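*Asks:* First to last, the sequence lines map onto chains V and Z. For what it's worth, the working numbering labels the leading residue of the first sequence as 1, then goes sequentially. For what it's worth, the working numbering labels the leading residue of the second sequence as 292, then goes sequentially. Let me begin by handing over the structure; questions about it come next.
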Amino acid sequence: MSAAAEERDARAPWALTAPALMLFVGVLLIPLAMTVMLSFHDWGQYKGIEPVFILKNWHEIATDPYYAEMFWRTFRIAILTTLLTALLGAPEAYILNRMSGRWKSFFLLIILGPLLISVVARTLGWALLFGGNNGLVNKLLMSAGLIRSPIPFMFTETGMVVALAHVMMPFMVLSVWAALQRLDPQIENAAMSLGAGPATIIRRIIMPQIMPGVLSGAIIVFSLSASAFATPAIIGGRRLKVAATLAYDEFLNTLNWPLGAAVATLLLVALVFIVVGSNALIERRYAEVFR
Amino acid sequence: MAYLELDRVAKQFGAQTVVDDFSLSVGKGEFISFLGPSGCGKTTTLQMIAGFLDPTRGAIRLEGKDLTAIHPAKRGLGIVFQSYALFPHMTAAENVAFGLEMRNVPRSERAERVRAALAMVGLAGYEDRHPRRMSGGQQQRVALARALVIKPSVLLLDEPLSNLDAKLREEMQIELRQIQRTIGTTTILVTHDQNEAMSLSDRIVVMSQGRIEQIGSPQETYEKPASAFVSQFLGKTNDFAGAIDRSVAPAQLMAGSWSVPAPPGLNGPVTVSIRPERIGFGDAGLGAKIVTRIFQGNHWLFQCESECGPAIVIRQNDGKAQPVEGEAVRLTWRSEDMSVRARDVA
C-alpha cells in the first residue's frame, strides 16, 4: 500500500464522522464554552454586559449565602427524590418482573405513562390534586374530617419531591428492570433449596444483584432532578427557587446573564463531578456483578 | 423399604396433563435417572420433589413422611440446576457456605466443611474466585459442592451436564459417579441424554409424554425395552413387522422368509425388535441386501434393505472379511436377543 493511500485511510474515519462532529461542536460545545466565558463577564444595571474577565459573579456566588441555600436546596430535593424513587421503584420493578405476561405489559405502560405526558400538564395535574384549599385531595380529606387545614403542597419542598419522583420513576424502574433481566431465573429456587426464606432471598440474593441497577438509576434520577426546570418552576415558582429556576430568572428577569451563566456552570460542573465520581465508585464496588 | 416414594403423582397445568400416574420408589443411596425427550415431564417431576411445584394428585414421601407438606426451604434436598444458578455476587466459598449459614452452622465448622466440599469436587484453592471468573466446568463443580455440603437427604440434578462440551461432560460423568458412590447420597438425575443415563444410574425411568414407559436397570431398559418408544429412544434398534401363527403346531413366529417356534403368549401381528449389534450374517434367516457399508474404525455399519423394510447391522471389526455393498445376505440373530411385542394393525 502506498504512503498516500495509507494517509487517506487514516483520514477516512475523521471525514466520515465530520458532519456529526460538527453538529456536536456547533450546538453543544460552542454554546457551553460561551456560557462558561459569559460567567466571567461583567454586568451592570445600566451598562449591560461588558466582555471583560473578572471573577465578580463567582465571588458573589461563593460569598452570598443566598446561593449556598439555593444549591443546598437543589441537591437536597434531588437526593430526596432519588431516595423516594429507589425505595418505591426497586420493589415496583421486582413485583412487575414477577407478574404474568398481560398484566406485566399493562403495568409497564402505566409506569412509563409519565414519560408520555408533557411535564407541564403532569405537574399542573399534581397542583390540581393537592394545591391549596381547592385541591381535590385536600378537599376530600377535609370533608372526611381527617385533616383540619389543607396539606401544603404548592411552594413546598415536599411537593417538589413528590412531583419530581413521579416524573423520574420510569427511569428507576427501567434501570432496575434491566438488572432483574440479568438474574438467573432459577436463582431464587436455588436459594430456597438451600434453606433461605423469602426475606433472606431478597436481602442476600436479589438485592446485591440489582444494586448496580438501583445505583445507575439513582445517578440518572439525581442528575435529572437536580437540573429539572419545569416541575420546580410550577410547584416552587418564585417563592421556592432551585438552581435551574434561579439561573432562568437571572437570565430573563434580572437580565444579569453573566451571573445566570455562573449559576448554570456551577450546577453543570457539580453534577458532572457527582455523577462521574459515584459511577467510578459503583463500578469498583460491584465489579463482580457487572462482569 | 422405600426411602423416597412417589405415589401416583400427577401434575396438570390448566387442562394439560404434564405428568400422570407417576409411581416410583427409590432405595437409599440409589442413583436414578429420569430419561426422556424434552417435554416428557421429567423436569416437572423433579420440581415437584424439590417443592417448586405442587403435585395436582398423588403423594411424595421421604422416609415415610409426606414431603409435599414441607416447605421447599425445609426439605433439605440438594439441587444442581441446569444453569447452575450460582450467586454471582459471592465467591465460590461463599456460595458453598450459604446453605450452612442458613442452617446456623458455627463459623469454624462452616469453613471446614466448605473447604472439604470444594476439595471433594477438585476446586481446592478456588475459594475466593467469583463464579463469573470460572469456566463452565468449574461453575458446575461449585454448584455440586453447594448442593452436597448441606448433606442433603436426596440430591437432585437437573440436566447438570448439558451445558458442557462433550469431553468435559464425559469427565464429569465419571467424577459425578465416583462422588456419588463415595458419599452414598440418594440421587435423581434428569437428562435427555441416554448415554449419560446409562453410564451413571442404577436404574433408569424412561418417560414419554408425562408417563413412565419403563423402570429398570440400564441393561434391562436397553436389552428388554418394554415399549417401542423405549427401544427407539435408547440406542438404535431394528423393528420388523412379523406375525405369530398358532394354527400350526408348533406355533410359528414369522417375519418374511424367516421363522422360528413362537414364544408363548402372543398371537397375531407382532413387532420383532433386535439391536443392530446383535444381528449377524448367516446362511439362513431374513433375506436382505446391503445398501451401504460404512467403516467406523472399531466396527462396520451396514444399512440393508430387508424383506421387512430397512435394517441396520453393526459388526465388530474383527479382521474377518465383511459383505460388500449390493451383496445379498441373510440376517440371523439368537432368539434371546430379540424382543417381541404385539403390534397394532392400523
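Idealized CB from N, CA, C, for every residue including glycine. All figures in this text were calculated on a predicted structure; none of them were measured in a lab.
I'd like the list of long-range same chain contacts for P346/Z, defined as Cβ closer than 6 Å, with 5 residues on each side in sequence excluded.
*Replies:* Excluding sequence neighbours, P346/Z sits near V300, K302, M339.
*Asks:* If you draw a straight line from the C-alpha of F155/V to the C-alpha of T81/V, how long is it?
*Replies:* Straight-line Cα distance between these residues: approximately 16 Å.
*Asks:* Using the beta-carbon count (16 or more within 10 Å), is A641/Z buried or exposed?
*Replies:* With chain Z covering only 292 through 637, there is no way to say anything about residue 641/Z.
*Asks:* With distances taken Cα to Cα, identify the nearest neighbour of F71/V among I235/V, A264/V, R284/V.
*Replies:* Considering only alpha carbons, the answer is A264/V.
*Asks:* Taking C-beta pairs closer than 7 Å, name the residues in chain A that F343/Z reaches, listed in chain order.
*Replies:* The structure shown contains no chain A; the protein chains it does contain are V and Z.
*Asks:* Apart from the five residues just before and just after S175/V, which ones in its own chain have a Cβ nearer than 6 Å to its Cβ?
*Replies:* Once the five neighbours on either side are set aside, the close Cβ partners of S175/V are G213, S216, G217.
*Asks:* Would you mind sorting L368/Z into buried or exposed? The rule is 16 or more other CB atoms within 10 Å of its CB.
*Replies:* Buried.
*Asks:* Going by beta-carbon coordinates alone, are A247/V and G260/V separated by less than 9 Å?
*Replies:* Taking 9 Å as the Cβ cut-off, A247/V and G260/V qualify as a contacting pair.
*Asks:* Counting only beta-carbon atoms, is G197/V nearer than 9 Å to chain Z?
*Replies:* Yes - at least one Cβ of chain Z is within 9 Å of the one on G197/V.
*Asks:* Compare the C-beta of T81/V against all C-beta atoms of chain Z and say whether one is closer than 9 Å.
*Replies:* With 9 Å as the cut-off, T81/V does not count as an interface residue toward chain Z.
*Asks:* For F586/Z, count neighbouring Cβ atoms within 10 angstroms of its own Cβ and tell me buried if that reaches 16, exposed if not.
*Replies:* Counting Cβ neighbours within 10 Å, F586/Z comes out exposed, since fewer than 16 surround it.
*Asks:* With respect to the beta strand (DSSP E) encompassing I288/Z, which residues constitute its N-terminal and C-terminal limits?
*Replies:* Look at the range of chain Z in this structure, 292 to 637, and you will see that residue 288/Z is not part of it.
*Asks:* For the alpha helix (DSSP H) containing R404/Z, list its first residue and its last residue.
*Replies:* Counting along the chain, the alpha helix (DSSP H) containing R404/Z begins and ends at 398-411.
*Asks:* Among residues of its own chain, excluding the 5 on either side of T334/Z, which ones have a beta-carbon nearer than 7 Å to its beta-carbon?
*Replies:* The residues are D449, V481.
*Asks:* Enumerate in chain order the residues of its own chain whose CB-to-CB distance from P541/Z is below 6 Å, with the five nearest sequence positions on each side excluded.
*Replies:* Hits under 6 Å: P552.
*Asks:* Could you check if V303/V is buried or exposed, using at least 16 other CB atoms within 10 Å of its CB as the buried criterion?
*Replies:* Lying before the first or after the last residue shown, residue 303/V is absent from chain V, which here runs from 1 to 291.
*Asks:* Who are the near neighbours of G707/Z in its chain, counting only those whose CB is closer than 6 Å to its CB and skipping five residues on each side?
*Replies:* Nothing about residue 707/Z can be read from this structure; chain Z reaches only from 292 to 637.
*Asks:* Residues of chain Z with a CB under 8 Å from the CB of I210/V: which are they?
*Replies:* The contacting residues do not exist; I210/V stays about 10 Å from chain Z at best.
*Asks:* Buried or exposed: which applies to G643/Z, given that a residue is buried once 16 or more other Cβ atoms fall within 10 Å of its Cβ?
*Replies:* Lying before the first or after the last residue shown, residue 643/Z is absent from chain Z, which here runs from 292 to 637.
*Asks:* Give the range of the alpha helix (DSSP H) segment to which T336/Z is assigned.
*Replies:* Segment 333-341, the alpha helix (DSSP H) holding T336/Z.
*Asks:* Taking a Cβ distance cut-off of 7 Å, strictly less, list which residues of the region 157-190 of chain V are near chain Z, in chain order.
*Replies:* Against chain Z - using a Cβ distance shorter than 7 Å - the residues of the region 157-190 of chain V are D184, Q186, I187, N189, A190.
*Asks:* Would you say M302/V lies against chain Z (beta-carbon separation less than 9 Å)?
*Replies:* Outside the shown range of chain V, which is 1 to 291, sits residue 302/V, and nothing can be said about it.
*Asks:* Between Y94/V and chain Z, is any beta-carbon pair separated by less than 9 Å?
*Replies:* No, Y94/V does not count as interfacial toward chain Z.
*Asks:* I'd like to check one pair, M425/Z with I470/Z: are the Cβ atoms closer than 9 Å?
*Replies:* For I470/Z and M425/Z, no; Cβs fall outside 9 Å.
*Asks:* Ignoring anything shorter than 3 residues, give me the beta strand (DSSP E) runs that lie fully in the region 526-557 of chain Z, in order along the chain.
*Replies:* Those beta strand (DSSP E) runs which fall completely within the region 526-557 of chain Z and span 3+ residues are 529-536, 543-546, 549-552.
*Asks:* May I ask which residues mark the beginning and end of the alpha helix (DSSP H) holding H166/V?
*Replies:* That run of the alpha helix (DSSP H) goes 157-181.
*Asks:* Leaving aside the five residues before and after R432/Z along the sequence, list all residues of the same chain whose C-beta is less than 7 Å from its C-beta, in chain order.
*Replies:* Within the same chain, R432/Z has close Cβ partners V412, G413, L414.
*Asks:* Can you pull the chain Z neighbours of I206/V, defined as C-beta to C-beta under 9 Å?
*Replies:* Within 9 Å Cβ-Cβ: nothing; I206/V doesn't reach chain Z, min ~10 Å.
*Asks:* At the 9 Å Cβ level, is M66/V part of the contact set with chain Z, yes or no?
*Replies:* Correcting the residue type first, residue 66/V is Tyr in the shown sequence and not Met. So no, Y66/V is outside the interface.
*Asks:* Please report the straight-line C-alpha distance between A243/V and L267/V, rounded to a whole angstrom.
*Replies:* Computed Cα separation, rounded: 7 Å.
*Asks:* Taking 9 Å as the cut-off, decide whether the C-beta atoms of T382/Z and R406/Z are in contact.
*Replies:* Contact: no.
*Asks:* Using a Cβ-Cβ cut-off of less than 7 Å, give me the residues of the region 381-406 of chain Z that come near chain V, in sequence order.
*Replies:* Within the region 381-406 of chain Z, the qualifying residues are F389, G390, M393, R394.
*Asks:* Is P560/Z helix, strand or coil when you go by DSSP?
*Replies:* In this structure, P560/Z counts as strand in the three-state DSSP scheme.
*Asks:* Within 9 Å (strictly less), CB to CB, does Y417/Z reach chain V?
*Replies:* No, its Cβ sits nowhere closer than 9 Å to a Cβ of chain V.
*Asks:* Would you mind reading off the limits of the beta strand (DSSP E) that contains D628/Z?
*Replies:* Counting along the chain, D628/Z falls outside any beta strand (DSSP E), and DSSP gives it neither H nor E.
*Asks:* Since P363/Z meets chain V, which of its residues come closer than 7 Å, beta carbon to beta carbon?
*Replies:* Residues of chain V passing the Cβ test: M192, S193.
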